[in-house]
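K.L.:
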Amino acid sequence: MGIDKTIKKKIIEEWLNAFPQLTLYSQNKLYKVVGSCILGIELIKSPFTENYSPYFVIYPIWKKNVKANFDYPIFLKDFKNKKGFQYDIPYEKHSVFFDDVLDSIRKQTPLPFEGSLSFKKVETAIDDNSKVPPLSAAPNSYLQAALQEAKLKIALFISSEEAQRVFEQINKRSWDVKHFKACGVDISKWLQSLQETIFNREDFLKQIEVNKQEKKILQLKSSDLILSF
42 MGIDKTIKKK IIEEWLNAFP QLTLYSQNKL YKVVGSCILG IELIKSPFTE NYSPYFVIYP
102 IWKKNVKANF DYPIFLKDFK NKKGFQYDIP YEKHSVFFDD VLDSIRKQTP LPFEGSLSFK
162 KVETAIDDNS KVPPLSAAPN SYLQAALQEA KLKIALFISS EEAQRVFEQI NKRSWDVKHF
222 KACGVDISKW LQSLQETIFN REDFLKQIEV NKQEKKILQL KSSDLILSF
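Everything in the sequence shown is counted per this note's numbering, starting at 42 for the first residue and increasing by one.
This is the structure:
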């Protein structure tokens with residue numbers, strides 16, 4: 042027997058009250074638009090119990106359509122309790138844990154939900170995320186490269202110059218050729234595609250604007266993405 046919908050609805054309302062900068066996107070997803078990204082909190086149900094865990098997420102808005110943007114997140118981070126374990130909150134005991142969870146989230150969230158967001162903070166958050174498991178186990182893998190590609194495209198929203206700076210960092214890395222091949226990616230062609238994306242910045246920005254006009258995304262609150270404060 043599943044949890045009563047009324048309980049889940051009340052839980053969502055409490056999360057929205059705690060984070061008024063976010064908008065309800067779907068039953069368990071609270072998002073906002075920041076520049077070329079969507080960021081927020083997802084309350085993901087455990088597959089085995091009537092519990093849920095909060096995650097911080099970032100998705101792109103530059104892919105070919107909204108569905109593609111939500112294929113997988115750029116960034117997915119759980120939150121830890123005081124003992125260092127991931128929160129696993131029973132729906133029926135939500136109120137018992139909620140204050141403690143909020144305190145942890147405010148301390149552990151990689152990026153703020155309030156106000157404008159600086160690209161420098163995004164860059165730091167992405168780089169920090171690349172240094173923790175599982176990504177840290179393979180620092181030159183294609184998975185790491187995909188994360189750096191996302192960073193470049195977030196930078197491209199700011200300017201071609203900022204994206205080019207990130208590209209130079211990417212180009213200097215000693216990437217794992219074998220892992221790229223195993224993923225069906227040619228390093229030279231990948232690097233070339235990044236340069237072409239920078240060159241075609243206007244098309245890149247147009248696609249973002251098209252995606253932002255989708256009905257549900259249009260309803261989200263938004264903030265500016267700027268270079269730095």
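Glycine included, each C-beta is placed from N, C-alpha and C at the ideal position.
Using C-beta distances below 6 angstroms, list every residue in its chain close to K6, excluding the 5 sequence neighbours before and after it, in chain order.
P.N.:
The requested residue 6 is not part of the displayed model; the chain covers only 42 to 270.
K.L.:
Leaving aside the five residues before and after N181 along the sequence, list all residues of the same chain whose C-beta is less than 7 angstroms from its C-beta, in chain order.
P.N.:
Indexing the sequence shown from 1 puts residue 181 at position 140. Same-chain partners within the cutoff: R214, S215, W216 and D217.
K.L.:
For L268, does the count of other Cβ atoms within 10 angstroms reach 16, so buried, or fall short, so exposed?
P.N.:
For the purposes of this step, residue 268 is taken as the residue at position 227 of the sequence shown. Burial call: exposed.
K.L.:
Sort K121, Y183 and I130 by Cα distance to T90 and report the nearest one.
P.N.:
As a first step, residue 90 is located in the sequence shown; it is residue number 49 there, counting from the start. Here the closest residue by C-alpha is I130.
K.L.:
Residues bridged to G76 by DSSP?
P.N.:
Indexing the sequence shown from 1 puts residue 76 at position 35. Answer is none; G76 lacks a bridge partner.
K.L.:
For G76, count the other beta carbons within 10 Å of its own beta carbon; 16 or more makes it buried, fewer makes it exposed. Which is it?
P.N.:
Numbered from 1 along the sequence shown, position 35 holds the residue referred to as residue 76. Answer is buried; the Cβ neighbour count reaches 16.
K.L.:
With a floor of 3 residues, list each beta strand (DSSP E) that falls wholly inside the region 58-133, ordered by position along the chain.
P.N.:
Taking only runs of at least 3 residues, the beta strand (DSSP E) segments lying wholly in the region 58-133 are 64-67, 70-75, 78-86, 92-101 and 116-119.
K.L.:
Quick one: using the 10 Å Cβ neighbour count with 16 as the cut-off for buried, is P114 buried or exposed?
P.N.:
Start at 1 with the first residue of the sequence shown, and residue 114 comes out as number 73. Buried.
K.L.:
With DSSP collapsed to three states, give me the class of L261.
P.N.:
Within the sequence shown, residue 261 is the residue found at index 220, counting from 1. Coil at L261, not helix or strand.
K.L.:
Kindly indicate which three-state DSSP category I267 falls into: helix, strand or coil?
P.N.:
In the sequence shown, residue 267 corresponds to position 226, counting from 1. It is a strand residue.
K.L.:
Three-state secondary structure (DSSP) at S182?
P.N.:
For this step, residue 182 is matched to residue 141 along the sequence shown. DSSP places S182 in coil when its eight states are reduced to three.
K.L.:
Helix, strand or coil: how does DSSP classify L232 here?
P.N.:
The residue you call residue 232 lines up with position 191 of the sequence shown. Three-state DSSP puts L232 in a helix.
K.L.:
L158 bridges to which residues according to DSSP?
P.N.:
As a working note, residue 158 is residue 117 in the sequence shown. According to DSSP, L158 bridges with L266.
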